[in-house]
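J.: The following block contains the structure, expressed as structure tokens.
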Amino acid sequence: MDSNVSKQTTIRLSVGGMSCAGCVAAVEDTLKTVPGVAEARVNFAEHTAEVSGSMAAEALIGAVVAAGYEAAELKGSDEEAEQKEAAELVYYRQLLKKSMAAAVVGVPLFLMGLLGAMPGMSGGGRLFWLLVAVLSLFVLVYSGGRFFSGAWKSFKNHNANMDTLIALGTGTAWGYSLLITLLPDLVPEQARHVYFEAAAIIIALINFGSALEMRARGKTSEAIKRLIGLQAKTARVVRNGQELDVPIEQVGLGETLRLRPGEKIAVDGVIIEGHTSVDEAMLTGEPMPVEKQMADELVAGTINKSGTVLFRATRIGKDTALARIIEMVRQAQNSKPAIGRLADRIAAVFVPIVLIIAVLTFLAWFNFGPEPRAAYVLVTTMTVLIIACPCALGLATPISIMVGVGKAAEFGVLVRNGEALQRAGQLTTVVLDKTGTVTEGRPAVTELIAIDGDEQGLLSVAASLEAGSEHPLAEAIVTGAKQRNLELAKVQNFTAIAGQGVQGDVAGQRLLLGNQKLMADMQIDISAYLDQVQHLARQGQTPMFVAVDGRYRGIVAVADPIKPDSKQAIERLHQAGLRVVMLTGDNRATAEAVARQVGVDEVLAEVLPGDKAGKVAGLQAHGEVVAMVGDGINDAPALARADVGFAIGSGTDVAIESADVTLMRGSLHGVADAIAVSKATVRNIKQNLFGAFVYNSLGIPVAAGLLFPFTGMLLNPVIAGAAMAMSSVTVVSNANRLRWFKPQDKR
Amino acid sequence: MDGLINLLALALIGFIVWWFWLAKSREVQVAQKSIDVIVDGGVYEPSIIEVSRGEMITLNFIRRDASPCAEQVVFAELGVSAELPLEGSKKIELRLENEGEFGFSCQMGMYRGKLIVK
């Protein structure tokens, strides 16, 4: 693509808020005022604008929004992925073709050498070698041209890379061999060995290695491909009372869409008619479908199960939750944790250092090597250049991070960056906020004790009384009655008694509902039931007494239920060697009751919201590496203070920008999963770094001939080429093993 | 003759040290608002870009280099990265509030460039 051409782009926007044809002209005029816009056309029916020129989409969106409309860029990441794959396939085939061409020249010569069938440098033999020189020059230009042009460009930029090493290694071999062919008398007879075949085979091997690496690298981004694959291609929009299927890029903001059973949700939206259940497992990892009704949000990429609904598009294109998740995973995949920094620093100076080692090798063999010196000098210098592989070092960390971050996303765990992924594996303490993290965060009726055995009747009168109250516990009682399909009677003379409870008249009876103090103040005798009360409190339940016309009638106990898998997830954290602390603003008795049931090691109760960060800091001061798990909004300061902050979400309605790690569903298993993936990834990085360091620090001295004084053997440059080609492939393949990783003890 | 070759080899080491580490590229491109950066043959062109502090700058990366190494551009200190489509372009918008030098590179750190914020 020409750089001048690239500036001329066409951008499609979805424009919301256009109510009449007059708006079309207004939006078009607005777009034309943006610098660089050559042409702007607005399609009122589709609520889209097509703008060509040399401008950025953001500038267009800004102008349209400033004019009082809504706008978003229409762009399918699906399309981009397909283009990328097609371009990569072409390149992959080219690499194989180039490798094959080089092998066709190099392998027969190599075999001839093995069989001792190489002609000498006299008479017809010389002509043969001249022909081989031309053929191998063709190989260097056709199959290896990119190494030479890349090396030259890098050199001009005061830079050196892999291309530099390959070009110097193979170029030296070819140049020396040509010199021998043209002027054999320059060197002693025993040094008249040519290396055309080595140059050709090395080029073949490196191209082949690049092709394999490309294939393997393609697999490392499978997680992103899977997320992109969740995107629907078409949507059924309702326009002018008619339903029509349109490509997803043509869905505009605020448009009404029809969603039928089994369909993928195309864009984010809000239900305006009907109810259904939605499978969100692909984004959250939550296996149970989620019930959705009027005003509930739908998330692009999830699948509608049973009902038919109408919904209004609220976010499209790159603004959908799915698109933002994809972007976040992409960014995280490219971020580097501390563990990779040393390798990065070495990789940055690696090639010039190898060049210096190559010159030192040359000097050593030139001054101290046996005859034929020229041949030894060439073989060792060339082999040093060829075997050194900065790519393996440079790839070791990022390629594992890429797979690890993608793997975490598969479990509904979004990791902000590589640093967070690395730190998650070093944690010693996990602090869990109680409400909404360990528990559901929604109080519910957990126990009913009626002295006459009529539990439904007890709940019915309690709910009737509480219907007018806004207290969270009242809401739990009313919801409990509704869930049991109980009818509520009208309440009269309702009064709330601060800190004690409520009273009112229901169906001609005087009702009281409240705590022990309320009963005492109203002189209602509950002494016979205090054992039951203590028992309930020990279980973390809040008992409320009900009295009818001055007589005790029973107890309604309310509690914030513990999430069904909290205990199991905490067990997993213990198995991973972590201390688990629960933090809550609740009273100690309730907190300890919950703590006992889920098995945490320590409880910090009655902590004011503003003090949570301080408690985390206190643990850190004792040398603990602390994770804080909370809701991401109320617990934001504590999440920020912790070494790793986990925002726990319900469904996809989470602030994904607020924490180091975002758990897409409400289960604590996500914390254990994140820690397990982190440990596996860091282990994988260490294997890669170890392999790359060992490979280079053993390979280079051996190539330089360090073993020659002891064994009389030198490394064949062709073997060095094969080792180099395979070193990057090995690193990428090892990182790919992470794709099969499954956290231990997973549900 | 041997002495001369030894001297030349030592001079070559001196040249490598000077060229790759001590000598700095003088080709600094000053960017106003937007600049095209071509990714080809293992390098970014231009590789040293001077930008003004506090101003929005659009770096339009145009990738012609098919090597998988060229696939990503990473601004490690800025926490920004992007996938570069082959034979396509990718715009990265940045507003840098602090003066200094911020490197960018491929995933492996072989392709290198830097932004100089003044």
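Protein chains in written order, with our numbering: chain A, 616 to 1362; chain B, 1052 to 1169.
The C-beta atom is built at its ideal place from N, Cα and C for all residues, glycine as well.
If you draw a straight line from the C-alpha of PRO1097 (chain B) to the C-alpha of GLY1264 (chain A), how long is it?
T.: Taking the second sequence and counting its residues from 1, one reaches residue 1097 (chain B) at position 46. Taking the first sequence and counting its residues from 1, one reaches residue 1264 (chain A) at position 649. Each residue's Cα considered, the two are about 44 Å apart.
J.: Below 6 Å CB to CB, which residues in the same chain sit around MET1365 (chain A) once its five sequence neighbours on both sides are set aside?
T.: Since the first residue shown for chain A is 616 and the last is 1362, residue 1365 (chain A) is missing from the structure and cannot be characterised.
J.: Could you tell me the alpha carbon to alpha carbon distance between ALA1289 (chain A) and PHE1356 (chain A), rounded to whole angstroms?
T.: Taking the first sequence and counting its residues from 1, the one referred to as residue 1289 (chain A) is at position 674. Taking the first sequence and counting its residues from 1, the one referred to as residue 1356 (chain A) is at position 741. Each residue's alpha carbon lies about 12 Å from the other.
J.: Please go through the same chain and pick out, in chain order, the residues whose beta-carbon is closer than 8 Å to the beta-carbon of ARG1166 (chain A), but skip the five residues on each side of it.
T.: Counted from its first residue, the first sequence places residue 1166 (chain A) at position 551. Counting only Cβ-Cβ distances below 8 Å, and skipping sequence neighbours, we find ILE1139.
J.: Among B:GLU1150, B:GLU1148, B:GLY1164, which one has its Cα closest to the Cα of PHE1126 (chain B)?
T.: Here residue 1126 (chain B) refers to the residue found at position 75 of the second sequence. Out of B:GLU1150, B:GLU1148, B:GLY1164, B:GLY1164 has the C-alpha closest to the C-alpha of PHE1126 (chain B).
J.: With LEU1137 (chain B) and LYS712 (chain A) assumed to form a contact (beta carbons below 8 Å), what rounded beta-carbon distance in angstroms separates them?
T.: Walking along the second sequence from the start, residue 1137 (chain B) turns up at place 86. Walking along the first sequence from the start, residue 712 (chain A) turns up at place 97. Not really, about 17 Å apart at Cβ, beyond 8 Å.
J.: Could you spell out where the beta strand (DSSP E) holding GLU1152 (chain B) opens and where it closes?
T.: In the second sequence, residue 1152 (chain B) corresponds to position 101, counting from 1. Segment 1151 to 1156, the beta strand (DSSP E) holding GLU1152 (chain B).
J.: Leaving aside the five residues before and after GLU1025 (chain A) along the sequence, list all residues of the same chain whose C-beta is less than 7 Å from its C-beta, in chain order.
T.: As a first step, residue 1025 (chain A) is located in the first sequence; it is residue number 410 there, counting from the start. Same-chain partners within the cutoff: ALA838.
J.: The region 999 to 1014 of chain A: which residues have C-beta closer than 7 Å to a C-beta of chain B, in chain order?
T.: Going along the region 999 to 1014 of chain A in chain order, one finds PRO1005, CYS1006, GLY1009, LEU1010, PRO1013 with a Cβ nearer than 7 Å to chain B.
J.: What residues from chain B crowd round GLU986 (chain A), counting only those whose CB sits closer than 7 Å?
T.: Position 371 of the first sequence, counting from 1, holds the residue named residue 986 (chain A). Per Cβ cutoff of 7 Å: no residues; GLU986 (chain A) is ~13 Å from chain B at best.
J.: Cutting at 7 Å between CB atoms, please list the residues of its own chain near LEU1365 (chain A), excluding the five before and the five after it.
T.: Because chain A spans 616 through 1362 in this model, residue 1365 (chain A) falls outside it and cannot be assessed.
J.: With DSSP run on the structure shown, which of helix, strand or coil describes LYS1178 (chain A)?
T.: For the purposes of this step, residue 1178 (chain A) is identified with residue 563 of the first sequence, where counting begins at 1. If DSSP states are grouped into helix, strand and coil, LYS1178 (chain A) belongs with coil.
J.: May I have the straight-line CA-CA distance separating ARG939 (chain A) from THR1199 (chain A), to the nearest angstrom?
T.: Here residue 939 (chain A) refers to the residue found at position 324 of the first sequence. Here residue 1199 (chain A) refers to the residue found at position 584 of the first sequence. Roughly 32 Å separates the two Cα atoms.
J.: Let me check understanding here. Comparing Cα to Cα, which of A:PRO1005, A:ASP1067, A:THR1094, A:ALA681 lies closest to LEU1080 (chain A)?
T.: On the first sequence, position 465 is the one that residue 1080 (chain A) refers to. Cα-wise, what sits closest to LEU1080 (chain A) is A:THR1094.
J.: Starting from GLN1098 (chain A), follow the alpha helix (DSSP H) in both directions and report where the run begins and ends.
T.: As a working mapping, residue 1098 (chain A) is identified with position 483 in the first sequence. Where GLN1098 (chain A) is concerned, the enclosing alpha helix (DSSP H) stretches over 1087 to 1098.
J.: Which one of B:GLY1092, B:GLN1158, B:LEU1166, B:LYS1169 has the shortest CA to CA distance from GLY1009 (chain A)?
T.: On the first sequence, residue 1009 (chain A) is found 394 positions in, with the first residue counted as 1. Considering only alpha carbons, the answer is B:GLN1158.
J.: Closer than 7 Å, CB to CB, is GLN1083 (chain B) near chain A or not?
T.: In the second sequence, residue 1083 (chain B) corresponds to position 32, counting from 1. Not one chain A Cβ lies under 7 Å of GLN1083 (chain B).
J.: Quick one: does MET829 (chain A) have its CB under 7 Å from some CB of chain B?
T.: Against the first sequence, residue 829 (chain A) aligns to sequence position 214. Answer yes: the Cβ-Cβ gap between MET829 (chain A) and chain B drops below 7 Å somewhere.
J.: Would you mind telling me which residues of chain B sit closer than 8 Å to ILE971 (chain A), beta carbon to beta carbon, in chain order?
T.: For the purposes of this step, residue 971 (chain A) is identified with residue 356 of the first sequence, where counting begins at 1. Residues of chain B passing the Cβ test: ILE1064, ILE1067, VAL1068.
J.: Any idea what DSSP makes of MET903 (chain A), helix, strand or coil?
T.: For the purposes of this step, residue 903 (chain A) is identified with residue 288 of the first sequence, where counting begins at 1. MET903 (chain A) falls in the coil class under three-state DSSP.
J.: Just list the alpha helix (DSSP H) runs in the region 1282 to 1322 of chain A, keeping only unbroken ones of 4 residues or longer that don't cross its boundaries, in chain order.
T.: Here the runs fully enclosed are 1284 to 1318.
J.: For ASP1268 (chain A), which residues from the same chain have a beta carbon less than 8 Å from its beta carbon, with the 5 sequence-adjacent residues on both sides left out?
T.: Within the first sequence, the letter at position 653 stands for residue 1268 (chain A). Because the pLDDT of ASP1268 (chain A) is 47, which lies under 50, any placement of that residue in the model is unreliable, and the question is left without a value.
J.: Determine, using beta carbons only, whether PRO1174 (chain B) comes closer than 7 Å to chain A.
T.: Outside the modelled stretch of chain B, which goes from 1052 to 1169, sits residue 1174 (chain B), for which no answer is possible.
J.: Are there three or more Cβ pairs, one per stretch, closer than 8 Å when the region 1074 to 1090 of chain B is compared with the region 780 to 791 of chain A?
T.: These segments do not touch.
J.: Have a look at B:GLY1092, B:LEU1166, B:SER1118, B:GLY1065 and flag the residue whose alpha-carbon is nearest the alpha-carbon of ARG832 (chain A).
T.: As a working mapping, residue 832 (chain A) is identified with position 217 in the first sequence. Among B:GLY1092, B:LEU1166, B:SER1118, B:GLY1065, the Cα nearest to that of ARG832 (chain A) belongs to B:SER1118.
J.: Determine the burial state of PRO1087 (chain A): buried for a count of at least 16 other Cβ atoms within 10 Å of its Cβ, exposed for fewer.
T.: As a first step, residue 1087 (chain A) must be located in the first sequence, where it is residue number 472. Answer is exposed; the Cβ neighbour count stays below 16.
J.: Check whether the region 1154 to 1163 of chain A touches the region 1182 to 1195 of chain A, counting contact only when three or more Cβ pairs, one atom from each stretch, lie closer than 8 Å.
T.: Short answer: they don't touch.
J.: Measuring only between beta-carbons, confirm whether SER1132 (chain B) sits less than 7 Å from chain A.
T.: Along the second sequence, read from residue 1 onward, the residue named residue 1132 (chain B) stands at position 81. Cβ-Cβ to chain A under 7 Å: yes for SER1132 (chain B).
J.: Could you tell me the distance, in whole angstroms, from the CA atom of PRO1324 (chain A) to the CA atom of LEU1145 (chain B)?
T.: In the first sequence, residue 1324 (chain A) corresponds to position 709, counting from 1. In the second sequence, residue 1145 (chain B) corresponds to position 94, counting from 1. When rounded, the distance between both Cα atoms is 57 Å.
J.: Roughly how many whole angstroms lie between the Cα atoms of SER714 (chain A) and LEU724 (chain A)?
T.: Here residue 714 (chain A) corresponds to residue number 99 of the first sequence, with the count starting at 1. Here residue 724 (chain A) corresponds to residue number 109 of the first sequence, with the count starting at 1. Taking the straight line joining both Cα atoms gives about 16 Å.
J.: Going by the CB atoms, is the gap between VAL1094 (chain B) and SER769 (chain A) shorter than 7 Å?
T.: Here residue 769 (chain A) corresponds to residue number 154 of the first sequence, with the count starting at 1. Here residue 1094 (chain B) corresponds to residue number 43 of the second sequence, with the count starting at 1. Result yes, Cβ atoms of SER769 (chain A) and VAL1094 (chain B) sit closer than 7 Å.
J.: Please say whether VAL999 (chain A) and ALA1318 (chain A) have beta carbons closer to each other than 7 Å?
T.: Here residue 1318 (chain A) is taken as the residue at index 703 of the first sequence, counted from 1. Here residue 999 (chain A) is taken as the residue at index 384 of the first sequence, counted from 1. Result yes, Cβ atoms of ALA1318 (chain A) and VAL999 (chain A) sit closer than 7 Å.
J.: Thinking C-beta only, is VAL1209 (chain A) closer than 7 Å to GLY1155 (chain A)?
T.: As a working note, residue 1155 (chain A) is residue 540 in the first sequence. As a working note, residue 1209 (chain A) is residue 594 in the first sequence. Their beta carbons are under 7 Å apart, which means GLY1155 (chain A) touches VAL1209 (chain A) by this criterion.
J.: Kindly indicate which residue of A:ARG656, A:GLU688, A:ILE1064 has the alpha-carbon position closest to the one of ILE1170 (chain A).
T.: Here residue 1170 (chain A) refers to the residue found at position 555 when the first sequence is read from its first residue. The candidate whose alpha carbon is nearest that of ILE1170 (chain A) is A:ILE1064.
J.: Provide the residue span of the alpha helix (DSSP H) that contains GLY1260 (chain A), from first to last.
T.: Residue mapping note: residue 1260 (chain A) aligns to position 645 of the first sequence, counting from 1. No alpha helix (DSSP H) contains GLY1260 (chain A), which is instead part of the beta strand (DSSP E) from 1259 to 1263.
J.: Under a CB-based cut-off of 7 Å, is HIS1284 (chain A) close to chain B?
T.: Within the first sequence, the letter at position 669 stands for residue 1284 (chain A). Not an interface residue.
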